[in-house]
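If you count by full-length UniProt numbering, then the sequence shown holds residues 1 to 785, one letter each, in order. Every residue, glycine too, gets a C-beta built ideally from N, C-alpha and C.
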Amino acid sequence: MLFESSLWSSSSSSFSIHQQQENHHSSSPITLTTTTTTTTTTTTTPYSSIDNNQTLTIVDIYGGCNPLLFQLGNFSRDGPTVFNGICPDTWLVFSFSMTFMIGYVVVLFLCSLGVYLKRNGGHLKSRGLVNIVMTLIADSSFIILICLRFIIGRRLYPCGLYIISYFVLPPAILLPSMLRLWRLIFMNRLNALKTCRHAPPQHKVLDSSFDPKKYLSNHTQHSSSPIISTLNMELNESPRSNHTISMTNISNNNTMSMTNSSNNHNGNPDTMTSALMNTNNTHNNTIQKDDTMDALWWNSTVVTTEFTPSQQKRHKLYTWFVSNRFIVCVYFVCFLFHILLYIFFGAIEEGIYQSNATSSSSGRFMMGSNGGLFIYDRGCVMTNNIVILVACESLFYIIIAIVLLILCFRIEKDTWFIKRESLILVAIQFGAILLFAICGFVPVFTKITDFFIPYGFVLMSYSFSEVVLSVFMPIIYQIVLDSKNGNHFISDKRMKLHQHQQQHISSKITNTGTRKNTLRSDLERFLENRKTFELLLDFAKRSYCPESVLCYKDIERFKTSLKHRKTISLHILKTYLKPNSPLELNYPKLDQIHDEIMKSIIVDANSNSNLPSASVMMSNNSQSSSPTSIPPNLFDDIQLHCLQDMTDVFERLKSQSKQVRNILREWKEEEENNNPHHRDDDDDSITMTTIDIGKEVNGGCKEDSGQTVMATTTTTITPITTTTITTDPSMQQQQVNNNNTSQTSSPLLLPTTNHASMKASTNHSSKTPSKETPQFEENNNVEYI
Numbered sequence: 001m002l003f004e005s006s007l008w009s010s011s012s013s014s015f016s017i018h019q020q021q022e023n024h025h026s027s028s029p030i031t032l033t034t035t036t037t038t039t040t041t042t043t044t045t046p047y048s049s050i051d052n053n054q055t056l057t058i059v060d061i062y063g064g065c066n067p068l069l070f071q072l073g074n075f076s077r078d079g080p081t082v083f084n085g086i087c088p089d090t091w092l093v094f095s096f097s098m099t100f101m102i103g104y105v106v107v108l109f110l111c112s113l114g115v116y117l118k119r120n121g122g123h124l125k126s127r128g129l130v131n132i133v134m135t136l137i138a139d140s141s142f143i144i145l146i147c148l149r150f151i152i153g154r155r156l157y158p159c160g161l162y163i164i165s166y167f168v169l170p171p172a173i174l175l176p177s178m179l180r181l182w183r184l185i186f187m188n189r190l191n192a193l194k195t196c197r198h199a200p201p202q203h204k205v206l207d208s209s210f211d212p213k214k215y216l217s218n219h220t221q222h223s224s225s226p227i228i229s230t231l232n233m234e235l236n237e238s239p240r241s242n243h244t245i246s247m248t249n250i251s252n253n254n255t256m257s258m259t260n261s262s263n264n265h266n267g268n269p270d271t272m273t274s275a276l277m278n279t280n281n282t283h284n285n286t287i288q289k290d291d292t293m294d295a296l297w298w299n300s301t302v303v304t305t306e307f308t309p310s311q312q313k314r315h316k317l318y319t320w321f322v323s324n325r326f327i328v329c330v331y332f333v334c335f336l337f338h339i340l341l342y343i344f345f346g347a348i349e350e351g352i353y354q355s356n357a358t359s360s361s362s363g364r365f366m367m368g369s370n371g372g373l374f375i376y377d378r379g380c381v382m383t384n385n386i387v388i389l390v391a392c393e394s395l396f397y398i399i400i401a402i403v404l405l406i407l408c409f410r411i412e413k414d415t416w417f418i419k420r421e422s423l424i425l426v427a428i429q430f431g432a433i434l435l436f437a438i439c440g441f442v443p444v445f446t447k448i449t450d451f452f453i454p455y456g457f458v459l460m461s462y463s464f465s466e467v468v469l470s471v472f473m474p475i476i477y478q479i480v481l482d483s484k485n486g487n488h489f490i491s492d493k494r495m496k497l498h499q500h501q502q503q504h505i506s507s508k509i510t511n512t513g514t515r516k517n518t519l520r521s522d523l524e525r526f527l528e529n530r531k532t533f534e535l536l537l538d539f540a541k542r543s544y545c546p547e548s549v550l551c552y553k554d555i556e557r558f559k560t561s562l563k564h565r566k567t568i569s570l571h572i573l574k575t576y577l578k579p580n581s582p583l584e585l586n587y588p589k590l591d592q593i594h595d596e597i598m599k600s601i602i603v604d605a606n607s608n609s610n611l612p613s614a615s616v617m618m619s620n621n622s623q624s625s626s627p628t629s630i631p632p633n634l635f636d637d638i639q640l641h642c643l644q645d646m647t648d649v650f651e652r653l654k655s656q657s658k659q660v661r662n663i664l665r666e667w668k669e670e671e672e673n674n675n676p677h678h679r680d681d682d683d684d685s686i687t688m689t690t691i692d693i694g695k696e697v698n699g700g701c702k703e704d705s706g707q708t709v710m711a712t713t714t715t716t717i718t719p720i721t722t723t724t725i726t727t728d729p730s731m732q733q734q735q736v737n738n739n740n741t742s743q744t745s746s747p748l749l750l751p752t753t754n755h756a757s758m759k760a761s762t763n764h765s766s767k768t769p770s771k772e773t774p775q776f777e778e779n780n781n782v783e784y785i
């Protein structure tokens with residue numbers, strides 16, 4: 001007896017043939033109709049071979065699978081059989097999945113170890129440690145669950161666990177990149193909000209016409225000719241430039257320069273001429289203009305205003321958006337929502353199936369007869385209903401990701417390569433999603449290649465690449481940065497030692513030796529100049545750490561200000577040293593430091609003593625403001641901490657900016673050209689020249705005018721020659737003796753505050769030629785007694 005049948009089915013492995021009798025006494029053929037889920041097959045057989053009302057079950061040995069899978073012999077893992085609609089796997093799937101998972105576990109271990117060891121590195125902190133950890137968890141949950149299915153076997157892997165991995169697929173794939181873009185956008189806005197109140201709009205970008213040679217030349221001439229180059233007419237304030245001298249002459253009617261004052265009132269013009277002849281006259285106007293602008297910029301009497309109510313709300317909102325708590329909440333809510341969605345649809349599916357179990361055998365409405373959302377005793381394959389549901393979930397995330405991507409194009413490029421990294425990952429992500437969707441509709445991928453190398457590895461490859469690019473590579477960046485700058489960083493011990501030497505210079509002036517730290521010299525020079533300071537501040541803002549730069553600036557204003565010192569100190573406390581303040585410094589025991597400094601300010605407010613003034617106003621009515629007694633070294637430890645924090649920013653600025661490297665090279669070349677006899681000496685050696693201009697500076701003034709002349713001397717570690725003007729003739733012999741003491745310790749040299757004050761009455765009339773004092777190799781503020 002012969003059967004002619006067409007055995008083609010795309011989704012089932014068996015079907016039933018229902019026989020119907022048309023003629024009981026003839027040998028005419030019988031038409032039988034078999035119905036499967038996708039096709040209808042007609043079978044013809046002689047009547048004599050089948051009894052009436054007989055049902056036959058014929059097993060489809062291919063089950064919709066490609067016949068090639070049944071001809072692989074030992075290479076086939078499951079043999080030439082079909083189970084529950086699942087085609088036989090090959091051992092290549094097992095080998096490839098095992099290799100992929102082992103590779104990922106190795107990378108995951110290295111990433112976990114690197115995150116722990118480099119958790120304080122800038123590349124990791126800028127990306128957010130919690131965000132990195134959550135990225136590892138999200139990608140690992142997806143990769144491990146899918147790889148285990150291929151390793152254990154599609155027929156044995158629990159169907160419910162496989163469906164869960166698809167339900168959490170959208171947040172596992174899309175959420176890490178979304179939050180990375182989100183954090184990048186709001187970190188940019190937050191740091192822009194922090195710095196917008198400190199730098200004027202016209203000074204935010206380094207001027208393209210900035211000439212490093214001109215800058216160094218200006219400051220070199222400025223040091224050798226203080227009367228012309230540092231004549232800063234500023235009310236009640238002494239200038240920022242530590243290696244310059246400022247003389248303030250304020251009257252009721254007008255403000256005049258010291259040059260004009262000396263020319264008008266000196267009987268003998270040679271008093272000031274000896275100091276002025278050392279300057280190139282062709283550059284005096286330009287030098288005076290640049291230095292005056294720098295001094296006014298540093299010594300602005302207007303303290304930085306506090307946040308407005310709207311700015312405070314924005315600051316709190318941005319801070320919340322980039323906080324670790326927000327990141328964890330988003331991950332928790334999204335994953336919980338998708339798991340609850342799985343439970344919801346699973347409960348509906350199971351309820352409908354149980355209610356119709358006696359009347360219908362069509363299976364569950366989500367998974368059909370091959371599985372179910374709550375089936376954990378066997379494997380299953382994905383159905384179109386689940387695919388459509390997951391696609392709708394993913395669409396919501398994709399729309400948000402596109403919006404964030406558009407906003408990301410509009411922000412500034414950061415210095416940690418986060419923007420570049422995010423854009424690359426988004427491009428890979430969209431490409432992987434598109435390729436996965438295409439593979440799902442092409443039969444050659446679903447029927448053949450999926451059983452050699454599953455096309456689900458397209459999405460897993462993206463998750464793997466995300467871990468490599470967003471976690472593993474930043475760890476490598478940090479290791480390279482640490483090894484590269486290891487010899488340049490200033491350790492805490494060395495910084496504290498240097499501070500100790502500053503405080504006890506009188507006893508250590510012969511033992512300190514030369515200081516080789518050229519990094520701080522370059523850094524402080526950058527901070528002293530307005531244009532390079534703004535370049536450094538912009539880089540720090542894009543590095544998400546402008547607090548140290550801004551705090552350093554305010555501390556310098558605090559030191560150089562007398563009238564507003566208390567106001568600035570309170571501003572520094574409230575802005576940088578108060579816990580949870582807008583620009584809180586990462587300083588150990590910050591609350592304790594805040595309380596100690598606040599007590600010092602309160603004690604000053606209750607005391608009647610005042611420090612010597614660093615600037616004296618020359619006015620017709622002899623009125624001057626009384627300075628505060630708050631010591632200028634109140635924030636020295638904080639400023640030292642800020643310098644240490646800025647070393648990493650400055651070092652990366654030099655490595656990433658060719659313009660900055662050119663500036664530093666030009667400064668060094670110009671310095672060597674201007675100081676040919678000191679090329680082999682220390683970078684920090686300072687030469688101070690004392691010029692006694694005597695009592696004829698104001699020789700033509702009236703005795704009752706109340707005008708006084710004051711010269712202040714401050715030195716920095718920069719290798720710039722500083723000039724001191726001494727106006728008291730009683731000090732001349734001491735200065736001559738001081739010049740003969742070489743570099744030994746002398747009782748005439750005493751440590752003092754940032755600004756040593758020396759006043760002279762206007763009734764003196766003698767003058768003394770200039771003398772040179774020895775070179776000192778420390779950052780000192782020296783007062784001649």
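Query                                                                                                         : Result
Whole-angstrom distance between S548 and N643, CA atom to CA atom                                             : It is worth fixing the name first, because residue 643 is Leu in this sequence and not Asn. L643 and S548: Cα-Cα distance of roughly 7 Å.
Distance, I164 Cα to G351 Cα                                                                                  : 19 Å
Supposed close pair L179, V330 - CB separation, criterion 8 Å                                                 : 6 Å
S76 (DSSP reduced to helix, strand or coil)                                                                   : strand
Cutoff 8 Å: Y455 Cβ touching any chain C Cβ                                                                   : Chain labels in this structure do not include chain C; a single protein chain is all it has.
Three-way DSSP call (helix, strand, coil) for L231 in this model                                              : Because L231 sits at a pLDDT of 30, beneath the cut-off of 50, its placement in the model cannot be relied upon, and the point is left open.
For T195, three-class secondary structure by DSSP                                                             : helix
Span of the alpha helix (DSSP H) around K589                                                                  : Run containing K589: none; DSSP gives neither H nor E here.
Backbone CA spacing between W182 and V403 [nearest angstrom]                                                  : 10 Å
7 Å CB neighbourhood of R149 in its chain, flanking five on each side removed                                 : Y157, Y162
Three or more C-beta pairs below 8 Å linking the stretch 408 to 423 and the stretch 538 to 558                : yes
Cutoff 8 Å; reference V322; Cβ partners in own chain excluding five residues on either side                   : G128, R183, F186, M187, L190
Exposure label - L459; buried when at least 16 CB within 10 Å                                                 : buried
Endpoints, the alpha helix (DSSP H) within which G440 is located                                              : 418 to 441
Beta carbon of F472 nearer than 8 Å to that of I143                                                           : no
Residue nearest to F167 in terms of C-alpha spacing, selected from P631, T567, A391                           : A391
Separation of Q639 from Y552, as counted between CA atoms                                                     : 6 Å
Length at least 4, wholly inside the stretch 560 to 591: the alpha helix (DSSP H) runs in chain order         : 565 to 572
Span of the alpha helix (DSSP H), counted from its first residue to its last, around S657                     : Note, S657: premise wrong, no alpha helix (DSSP H); not H, not E.
F441 classed as buried or exposed, judged by whether at least 16 other C-beta atoms fall within 10 angstroms  : exposed
Cβ pair H451, V130 closer than 8 Å                                                                            : It is worth fixing the name first, because residue 451 is Phe in this sequence and not His. No; because the gap between Cβ atoms is not below 8 Å, this pair is not in contact.
Option in V426, G456, C87, F109 with minimal Cα separation from I438                                          : G456
Collapsed DSSP secondary structure at I448 in the structure displayed                                         : coil
Three-state secondary structure (DSSP) of I453                                                                : coil
The stretch 659 to 669 contacting the stretch 582 to 598, beta-carbon criterion three pairs below 8 Å         : no
Distance, Y462 Cα to I428 Cα                                                                                  : 7 Å
Own chain residues within Cβ distance below 8 Å of residue 791, not counting five before or after             : In the structure as shown, the chain starts at 1 and stops at 785, and residue 791 therefore has no counterpart that could be examined.
Cross-strand partners of F83 (DSSP beta bridge)                                                               : I86
Given C408 as reference, the closest of I398, K419, I400, I399 once Cα atoms are compared                     : K419
Cα-Cα separation between I602 and S569, rounded to whole angstroms                                            : 11 Å
M366 beta carbon less than 8 Å from that of F345                                                              : yes
Nearest candidate by alpha-carbon position, reference K316, set E672, L145, L193, I433                        : L193
Other residues of its chain near F650: CB distance less than 8 Å, five sequence neighbours each side excluded : L519, D522, L523, F526, L536
One or two residues paired with R364 in a DSSP bridge                                                         : G368
Per-residue burial, N384 [other beta carbons within 10 Å of its own, 16 or more giving buried]                : exposed
Close Cβ partners of I400 (< 7 Å) along its chain, the five nearest in sequence each way excluded             : M178
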